[in-house]
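Novice: What follows is a structure written as structure tokens; I'll ask about it next.
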Amino acid sequence: MFKSILNKIRHKYSHFKVNHVNIYGIKSPYHFDRQREQYCINEPDAHTLDHTEIVLYSWNIYKQKLNAAIDELSYMLNKADIVMLQEARESETLMSLISSHTFKAIHVVAFKDGHYANGVMTISKTAPICYSAQKYSEPWIRFPKSGLIATYPLSNGQHLMVANFHAVNFSLGLKDFMQQLRTIFDILQQHTGPIVLGGDFNTWRKSRYLYVKRLIRELNLKEIQYPIDQRTKVMGKVLDHIFVRGLHVKEAKTYNISASDHNPIRLKLSCEE
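What follows is the structure, given as structure tokens:
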């Protein structure tokens, strides 16, 4: 019964599915571009993001387990151009919310909880022209994580690459964490325009954070500084980060909320002249 209901939901809201990726609100299909090694849209959206002001959120939504999660996300969608979610759980409530705001969304399925897909999801006002999806297994408990890189057209003719990242958590050494990050960075290195890299990095160990810092230097990414920093910490270490390149940070905020076990980040960005 539950599977039948879910299939109806998917048919209603999901226009296109590729492997472990569900795509919502985008009518045009994507094809695999062998040269780019990414999926690219057949018919790009005529709408572009305003390069003078891009409002972006990053938030681990904790599978919408807590009551206020959907209300909080609805508030974000009223303000945002792009929302990067980690631990997004497929549900009719979530998909109806996205549809009611006429947003587009790509959901990379890390695993299924019963019949419900879970993983990173990037929601945006305009359809990405290209995307690349990654899926990784936790080395010990084999509990998968996912990543998504999507490229969006800007009003000045540039392309904004946005990487939504959820790092493996339970690993004693750095090997699996490093491999996962390197996969993302290898794709980012090919992009010459502005970049946003954000998400739940699970940097609860200093060695993890130092490796992230090493990689962002390679790409000339800069770490966002927050006037009031309310990001979630474990063992005194911040878990969630956003790094940017080719973008001016007009505003950076964090929020202390009870709708998840992570606090969200909000940025107001513009392209550098």
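Take the sequence shown: its position 167, counted from the start at 1, is 167 in full-length UniProt numbering, and no numbers get skipped.
Cβ coordinates follow ideal geometry from the N, Cα and C atoms, glycine included.
Let me check understanding here. Comparing Cα to Cα, which of Lys237, Val238, Leu269 and Lys63 lies closest to Gly246?
Specialist: When only C-alpha atoms are compared, the closest one is Leu269.
Novice: Please return the same chain residues whose Cβ sits closer than 6 angstroms to the Cβ of Gly198, not counting the five positions on each side in sequence.
Specialist: Here the set comprises Ser58, Met84 and Ile242.
Novice: As a quick exercise: from Lys65, His51, Pro128 and Thr192, pick the residue whose alpha carbon is nearest that of Gln38.
Specialist: Selected option, being the one with the closest Cα: Pro128.
Novice: Does DSSP classify Phe32 as helix, strand or coil?
Specialist: Correct three-state label for Phe32: strand.
Novice: State buried or exposed for His248, treating a residue as buried only when at least 16 other CB atoms are found within 10 Å of its CB.
Specialist: So His248 ends up on the exposed side.
Novice: Measure the CB-CB distance between Ala80 and Val108 and report whether it falls below 8 angstroms.
Specialist: For Ala80 and Val108, no; Cβs fall outside 8 angstroms.
Novice: Grouping DSSP H, G and I as helix and E and B as strand, with all else coil, what is residue 275?
Specialist: A question about residue 275 goes unanswered here, because the residues of the chain that appear run from 1 up to 273.
Novice: Which two residues bound the contiguous beta strand (DSSP E) that contains Tyr116?
Specialist: Tyr116 -> beta strand (DSSP E) spans Tyr116 to Ser124.
Novice: If I measure Cβ to Cβ from Pro44 and keep anything under 6 angstroms in the same chain, skipping five residues before and after, which residues do I get?
Specialist: If we look at Pro44 and ignore the five residues flanking it on each side, its Cβ neighbours are Ile129.
Novice: Please name the residue or residues paired with Ala127 in a DSSP beta bridge.
Specialist: Partner(s): none; Ala127 has no beta bridge.
Novice: Could you check whether Ala110 and Pro144 sit closer than 8 angstroms to each other, using their CB atoms as the reference points?
Specialist: Contact: yes.
Novice: Look at the Cβ atom of His51, then the Cβ atom of Ser155, and state whether they are nearer than 8 angstroms.
Specialist: In this structure, Ser155 lies closer than 8 angstroms to His51 by Cβ.
Novice: Contact between the stretch 189-209 and the stretch 149-164: three or more CB pairs below 8 angstroms?
Specialist: Taking 8 angstroms as the limit for Cβ pairs, the verdict is that the stretch 149-164 does touch the stretch 189-209.
Novice: I believe Phe201 touches Asp240 by the beta-carbon criterion, under 8 angstroms. Please report the beta-carbon distance rounded to the nearest angstrom.
Specialist: That pair is a contact at about 7 angstroms.
Novice: Which runs of the beta strand (DSSP E) fall wholly inside the stretch 177-213 and span at least 3 residues, in chain order?
Specialist: You should have 195-200.
Novice: Using the Cα positions of residue 340 and Glu90, report the straight-line distance between them to the nearest angstrom.
Specialist: Residue 340 cannot be examined here, being either before or after the span of the chain that is shown, 1 to 273.
Novice: Below 8 angstroms between beta carbons: does that hold for Tyr24 and Ala105?
Specialist: Taking 8 angstroms as the Cβ cut-off, Tyr24 and Ala105 qualify as a contacting pair.
Novice: In the DSSP assignment, the alpha helix (DSSP H) including Ser91 goes from what residue to what residue?
Specialist: No alpha helix (DSSP H) contains Ser91, which DSSP labels as neither H nor E.
Novice: From Lys253 to Asn42, what distance separates their C-alpha atoms?
Specialist: Computed Cα separation, rounded: 36 angstroms.
Novice: For Ser146, is the classification buried or exposed, using 16 other Cβ atoms within 10 angstroms of its Cβ as the cut-off for buried?
Specialist: Classification for Ser146: buried.
Novice: Check the DSSP bridge columns for Ser99 and list the partner residues they point to.
Specialist: Ser99 pairs with nothing; no bridge assigned.
Novice: Within the continuous beta strand (DSSP E) that includes Ser74, where are the two ends?
Specialist: Careful: Ser74 lies outside any beta strand (DSSP E), inside the alpha helix (DSSP H) at Ala69 to Lys79.
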